[in-house]
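Chemist: My structure is below; once you've seen it, I'll send some questions.
In structure tokens:
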């Protein structure tokens, strides 16, 4: 049996799926964080009514939902929008990436932003597991604790606090890595 440490999902659907949600809930109970792309459907509204365009599985409350921003520091215009599901934002416009037939291309989308957050979660988990092996202590085991740790190293953007465009903001990888390097991992007597 293989138990993943983190799951990154750069895919989406507009349809709620009971079976998928049950699997996500199971992963959450197993303390396996699922990081998913918010979607690229932009902001849509009818009159003053904003239509929620966040995609599943990112829309499930157990999932860490990621939006994208550009190199100028603005939320990507294609970000799905409309609910408070967005947790964090990461670079997702003109990202140089691998492609089919051994090629590289610049791609934009929340699918490009999602792996950034998944990588930061992997760093958090690795550091806290190392700390646990030395001290026996680990305060980063559940998905909620992982989110709390990410929020600690997040630069708030947009409206103060969590908002519809940025979520909590942008996790600062330098602050995160420096904090992880400087944490006291002295063995217990």
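Numbering (the numbering used here), first residue to last: 92 to 280. Here a beta-carbon is modelled for each residue, glycine too, at the ideal position from N, C-alpha and C. What you are looking at is a predicted structure, and each value in this text was computed from that prediction instead of being measured.
What is the C-beta distance between residue 215 and residue 242, in whole angstroms, given that I count them as a contact (C-beta under 8 angstroms)?
Modeler: Working through the chain shown from its first residue, we reach residue 215 at position 124. Working through the chain shown from its first residue, we reach residue 242 at position 151. With a Cβ gap of about 12 angstroms, residue 215 and residue 242 do not count as contacting.
Chemist: DSSP three-state call for residue 252: helix, strand or coil?
Modeler: To locate residue 252, count along the chain shown from 1; it is residue 161. Correct three-state label for residue 252: coil.
Chemist: Under 7 angstroms between the Cβ atoms of residue 169 and residue 131?
Modeler: In the chain shown, counting from the first residue as 1, residue 169 sits at position 78. In the chain shown, counting from the first residue as 1, residue 131 sits at position 40. Yes, they are a contact pair.
Chemist: Residue 144 to residue 116, Cα distance in whole Å?
Modeler: Here residue 144 corresponds to residue number 53 of the chain shown, with the count starting at 1. Here residue 116 corresponds to residue number 25 of the chain shown, with the count starting at 1. In a straight line, the C-alpha of residue 144 is about 22 angstroms away from that of residue 116.
Chemist: Quick check: the Cα distance between residue 154 and residue 164, rounded to an integer number of angstroms?
Modeler: Here residue 154 corresponds to residue number 63 of the chain shown, with the count starting at 1. Here residue 164 corresponds to residue number 73 of the chain shown, with the count starting at 1. Whole-angstrom Cα-Cα distance: 24 angstroms.
Chemist: Among the candidates 173, 157 and 161, whose CA atom is the shortest distance from the CA of residue 134?
Modeler: Here residue 134 refers to the residue found at position 43 when the chain shown is read from its first residue. If we check each option's Cα against that of residue 134, 173 comes out closest.
Chemist: Which of the three DSSP states is assigned to residue 189 in this structure?
Modeler: The residue you call residue 189 lines up with position 98 of the chain shown. Of the three classes helix, strand and coil, the one that applies to residue 189 here is strand, per DSSP.
Chemist: Where do the ends of the alpha helix (DSSP H) carrying residue 213 lie?
Modeler: If you number the chain shown from 1, residue 213 lands on position 122. Counting along the chain, the alpha helix (DSSP H) containing residue 213 begins and ends at 201–226.
Chemist: Would you mind reading off the limits of the beta strand (DSSP E) that contains residue 135?
Modeler: Here residue 135 refers to the residue found at position 44 of the chain shown. Per DSSP, residue 135 belongs to the beta strand (DSSP E) from 135–137.
Chemist: Can you tell me which residues form a DSSP beta bridge with residue 245?
Modeler: Along the chain shown, one-based indexing puts residue 245 at 154. According to DSSP, which records beta bridges pairwise, residue 245 is partnered with 262.
Chemist: According to DSSP, which residues form a beta bridge with residue 198?
Modeler: For this step, residue 198 is matched to residue 107 along the chain shown. DSSP lists 186 as partners of residue 198.
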